[in-house]
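There are 2 protein chains.
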Amino acid sequence: MVQEIFNHRSIRKYKPDQVNPEIIDKILEAASRAPTTGNMQVYSIVVTTDAQIKEQLSPCHFNQAMVKQAPVLLTFCADFNRFKQWCRIRNANHKAYNNFLSFVTAAIDALLAAQNACLEAESNGLGTCYLGTTTYTASRIIEILKLPRGVVPVTTLVIGYADENPSLTDRLPIRAIAHSETYNPYSDTEIEALYAEKENRDDSKKFVAENNKENLAQVFTDVRYTEKDNQHFSETLLEVLRNQGFMQ
Amino acid sequence: MVQEIFNHRSIRKYKPDQVNPEIIDKILEAASRAPTTGNMQVYSIVVTTDAQIKEQLSPCHFNQAMVKQAPVLLTFCADFNRFKQWCRIRNANHKAYNNFLSFVTAAIDALLAAQNACLEAESNGLGTCYLGTTTYTASRIIEILKLPRGVVPVTTLVIGYADENPSLTDRLPIRAIAHSETYNPYSDTEIEALYAEKENRDDSKKFVAENNKENLAQVFTDVRYTEKDNQHFSETLLEVLRNQGFMQ
Numbered sequence: 001m002v003q004e005i006f007n008h009r010s011i012r013k014y015k016p017d018q019v020n021p022e023i024i025d026k027i028l029e030a031a032s033r034a035p036t037t038g039n040m041q042v043y044s045i046v047v048t049t050d051a052q053i054k055e056q057l058s059p060c061h062f063n064q065a066m067v068k069q070a071p072v073l074l075t076f077c078a079d080f081n082r083f084k085q086w087c088r089i090r091n092a093n094h095k096a097y098n099n100f101l102s103f104v105t106a107a108i109d110a111l112l113a114a115q116n117a118c119l120e121a122e123s124n125g126l127g128t129c130y131l132g133t134t135t136y137t138a139s140r141i142i143e144i145l146k147l148p149r150g151v152v153p154v155t156t157l158v159i160g161y162a163d164e165n166p167s168l169t170d171r172l173p174i175r176a177i178a179h180s181e182t183y184n185p186y187s188d189t190e191i192e193a194l195y196a197e198k199e200n201r202d203d204s205k206k207f208v209a210e211n212n213k214e215n216l217a218q219v220f221t222d223v224r225y226t227e228k229d230n231q232h233f234s235e236t237l238l239e240v241l242r243n244q245g246f247m248q
Numbered sequence: 249m250v251q252e253i254f255n256h257r258s259i260r261k262y263k264p265d266q267v268n269p270e271i272i273d274k275i276l277e278a279a280s281r282a283p284t285t286g287n288m289q290v291y292s293i294v295v296t297t298d299a300q301i302k303e304q305l306s307p308c309h310f311n312q313a314m315v316k317q318a319p320v321l322l323t324f325c326a327d328f329n330r331f332k333q334w335c336r337i338r339n340a341n342h343k344a345y346n347n348f349l350s351f352v353t354a355a356i357d358a359l360l361a362a363q364n365a366c367l368e369a370e371s372n373g374l375g376t377c378y379l380g381t382t383t384y385t386a387s388r389i390i391e392i393l394k395l396p397r398g399v400v401p402v403t404t405l406v407i408g409y410a411d412e413n414p415s416l417t418d419r420l421p422i423r424a425i426a427h428s429e430t431y432n433p434y435s436d437t438e439i440e441a442l443y444a445e446k447e448n449r450d451d452s453k454k455f456v457a458e459n460n461k462e463n464l465a466q467v468f469t470d471v472r473y474t475e476k477d478n479q480h481f482s483e484t485l486l487e488v489l490r491n492q493g494f495m496q
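If you're matching them up, the sequences are chains A and B in order. For the first sequence, the working numbering assigns the number 248 to the last residue and increments by one with no breaks. For the second sequence, the working numbering assigns the number 496 to the last residue and increments by one with no breaks.
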């Protein structure tokens, strides 16, 4: 049993303590051990500790305080730039990777590496939090982190020493996410049963009341992850893929 | 230090031994502890052990022997179907998630969960291998696993008891994948230095000779991951996203 997996909490409040560079190196090494497609390792990790750069990145992550507070940000990027440069030097057809599949392949590499980094950080006594905002504001992150064509940020991991001690987050029952042999469609009654515990939690009821909604699902659709925002960010992300050379 | 991370090898030969269902449950639980966007858990895992279904899936994974040989396949899917069904029942705007960003969000959830499953399987003495072919043949996998609209398979994890004991795979030096503060562009000389060890390995030289190519980069571009295949699979994957309702 991998203890870190079962102990994981997202940490959103950090102490100002710096992280020893040797621990960062260990985290990067853990990331690099993740399996990747054809062992191409088509991802990069930008390690940001500089206060000014974190300040610039802060609005990309909707000004969540932890971005400036935590000592280290790891931005995981789908990266075919390095691989294509190698191909160019070797007179190999680097144009083979200017397409959508290659973006997806590289994003998979980056994300498996990110989860290794997350667990290794936690095993070294650090707290972590993923920032889903990375794909929303990828075009601005590309400018700030000077990412060349062929590189697209897909997630960011905040790392530092925890200044809070949250409980384990609730999860749907395993039978909600696991399917036996083939996909097992849900009846409406089953869906209601699977989401009942989540809907009946005190914090869920508080969200519903605070946002003046009828139920928790509406908090998601009308407040947290709305159609308008999702459509806007879909367009900007597709534009990023075109600009970074993945839609040719 | 998470031992499993540093011990990981992809296993491609499996013993016929079945995996205890309690171990499968533990692996699924590990997957479900992975962080997900807004704790929406917009992914599903299809657990396939049935010989007939594995037989059907085999060509989707280019008839690699391990697909039929290993006792368990876990197909990780980006899944907004379940979440949208809940929204529909609750009179919330389920159309908010019929877009590209939602596919990417769900794929991120699925992939972080997959890496937890991989490490937990290994910690239980099992071997694993990811199949990159899942995104290439997603439309056929959707038919076989009966995935409804809103669901797209993104990776497959083969699980079983190893019948081989490979060495650790080579990796690029950490400085090849890590960037300090912002992206550090590579000079051609640096790229040659970073790929030198990989190019000089005996197995690399064997690949080059067997495929009658000038160098290792050309084995990737001309044989393993070609422009023609990548463009074809890009088109079919984008078609899958449209058919599954993620490009509206």
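Where a beta carbon is used, it is the ideal one built from N, C-alpha and C, also for glycine. These figures come from a predicted structure and were not determined experimentally.
Discussion item. Between B/Leu322, B/Leu321, B/Ala369 and B/Val402, which has its C-alpha nearest A/Ala106's C-alpha?
Written reply: B/Val402
Fill in: Distance CB(A/Cys77)-CB(A/Leu147) smaller than 8 Å
Between A/Cys77 and A/Leu147, the C-beta gap is smaller than 8 Å, which places the two residues in contact.
Discussion item. Let me make sure I understand the geometry here. Which of A/Phe103, A/Ala92, A/Arg33 and A/Thr133 has the alpha-carbon closest to that of A/Asn230?
Written reply: A/Thr133
Worksheet item: What's the gap between the Cα of B/Glu412 and the Cα of B/Thr376?
Response: 12 Å
Worksheet entry | Beta-carbon proximity list for A/Val46, same chain, < 6 Å, skipping 5 on both sides | Thr75 and Leu145
Worksheet entry | DSSP three-state assignment for A/Ile27, whether helix, strand or coil | Residue state, collapsed to three classes: helix.
Fill in: Cβ neighbours of A/Gln69 in the same chain (closer than 6 Å, five flanking residues each side left out)
Once the five neighbours on either side are set aside, the close Cβ partners of A/Gln69 are Tyr14.
Discussion item. What does DSSP give as the partner residue(s) for A/Ile159 in the beta ladder?
Written reply: Paired residue(s): A/Val72 and A/Thr128.
Worksheet entry | B/Thr469 (DSSP reduced to helix, strand or coil) | helix
Fill in: Bridge partners - B/Val399, DSSP secondary structure assignment
B/Asp327
Item to complete: Give the DSSP-derived three-state secondary structure of B/Ile259 in the structure shown.
Response: It is coil, neither helix nor strand.
Discussion item. Going by the DSSP bridge assignment, what does B/Ile439 pair with across the sheet?
Written reply: B/Ile439 pairs with nothing; no bridge assigned.
Fill in: Cα-Cα separation, A/Val42 to B/Glu447
If I take the Cα positions, the gap works out to 16 Å.
Fill in: Sub-8 Å separation of B/Glu429 and A/Thr48 beta-carbons
yes
Worksheet item: Where does A/Val240 fall in DSSP's three states?
Response: helix
Worksheet item: Three-state secondary structure (DSSP) at A/Ala106?
Response: Looking at A/Ala106 - three-state DSSP - the assignment turns out to be helix.
Worksheet entry | 9 Å Cβ cut-off: residues of chain B touching A/Val72 | Per Cβ cutoff of 9 Å: no residues; A/Val72 is ~11 Å from chain B at best.
Worksheet item: Taking buried to mean at least 16 other C-beta atoms within 10 Å of its own C-beta, is A/Thr36 buried or exposed?
Response: buried
Discussion item. Alpha carbons only, please: which of B/Pro421, B/Val399 and B/Pro414 is nearest the one belonging to A/Asn184?
Written reply: For the residues B/Pro421, B/Val399 and B/Pro414, the minimum Cα distance to A/Asn184 belongs to B/Val399.
Worksheet entry | Exposure label - B/Lys453; buried when at least 16 CB within 10 Å | By the 10 Å Cβ count, B/Lys453 comes out exposed.
Item to complete: Just mark A/Met1 as buried or exposed, buried being the case when its beta carbon has 16 or more other beta carbons within 10 Å.
Response: exposed
Discussion item. For B/Arg490 and B/Gln496, I'd like the C-alpha separation in whole angstroms.
Written reply: Their backbone Cα atoms lie some 7 Å apart in a straight line.
Worksheet entry | is_contact[A/Glu192, chain B] using C-beta, thresh 8 Å | Taking a beta-carbon distance threshold of 8 Å, A/Glu192 counts as an interface residue toward chain B.
Discussion item. Between A/Tyr225 and B/Gly286, how many whole angstroms is the CB-CB distance? I'm expecting something under 8 Å.
Written reply: 6 Å
Worksheet item: Of the choices A/Glu192, A/Asn81 and A/Asp17, whose alpha-carbon is the least far from that of A/Val280?
Response: The structure shown has nothing for residue 280 of chain A, since chain A only spans 1 to 248.
Worksheet entry | Where A/Val67 falls: helix, strand or coil (DSSP) | helix
Fill in: Candidates B/Phe254, B/Arg336, B/Gln251 and B/Asn346: closest to A/Ser187 by CA position
Cα-wise, what sits closest to A/Ser187 is B/Arg336.
Fill in: Endpoints, the alpha helix (DSSP H) within which A/Ser139 is located
Ala138 to Ile144
Worksheet item: DSSP three-state call for A/Ser167: helix, strand or coil?
Response: coil
Worksheet item: When the Cα atoms are used, what is the spatial distance from A/Asn98 to B/Glu368?
Response: 35 Å
Worksheet entry | is_contact[A/Pro153, chain B] using C-beta, thresh 8 Å | no
Worksheet item: Since B/Ser306 is in the alpha helix (DSSP H), which residue starts that stretch and which ends it?
Response: Unbroken run through B/Ser306: none, as it is neither H nor E.
Practice prompt. Name the residue from B/Met288, B/Phe348 and B/Ser258 whose alpha carbon lies nearest to the alpha carbon of A/Thr135.
Written response: Nearest of B/Met288, B/Phe348 and B/Ser258 to A/Thr135, Cα basis: B/Phe348.
Fill in: Chain-ordered neighbours of B/Gly286 on chain C, where CB pairs are closer than 8 Å
No chain C is part of this structure, whose protein chains are labelled A and B.
Fill in: Close-in-space but distant-in-sequence residues of the same chain around B/Asn282 (CB under 7 Å, 5 per side omitted)
Correcting the residue identity first, residue 282 of chain B is Ala in this sequence and not Asn. So the qualifying residues of the chain are Leu360, Ala361 and Asn364.
Worksheet item: Mind checking if B/Thr404 is an interface residue toward chain A, Cβ cutoff 8 Å exclusive?
Response: no
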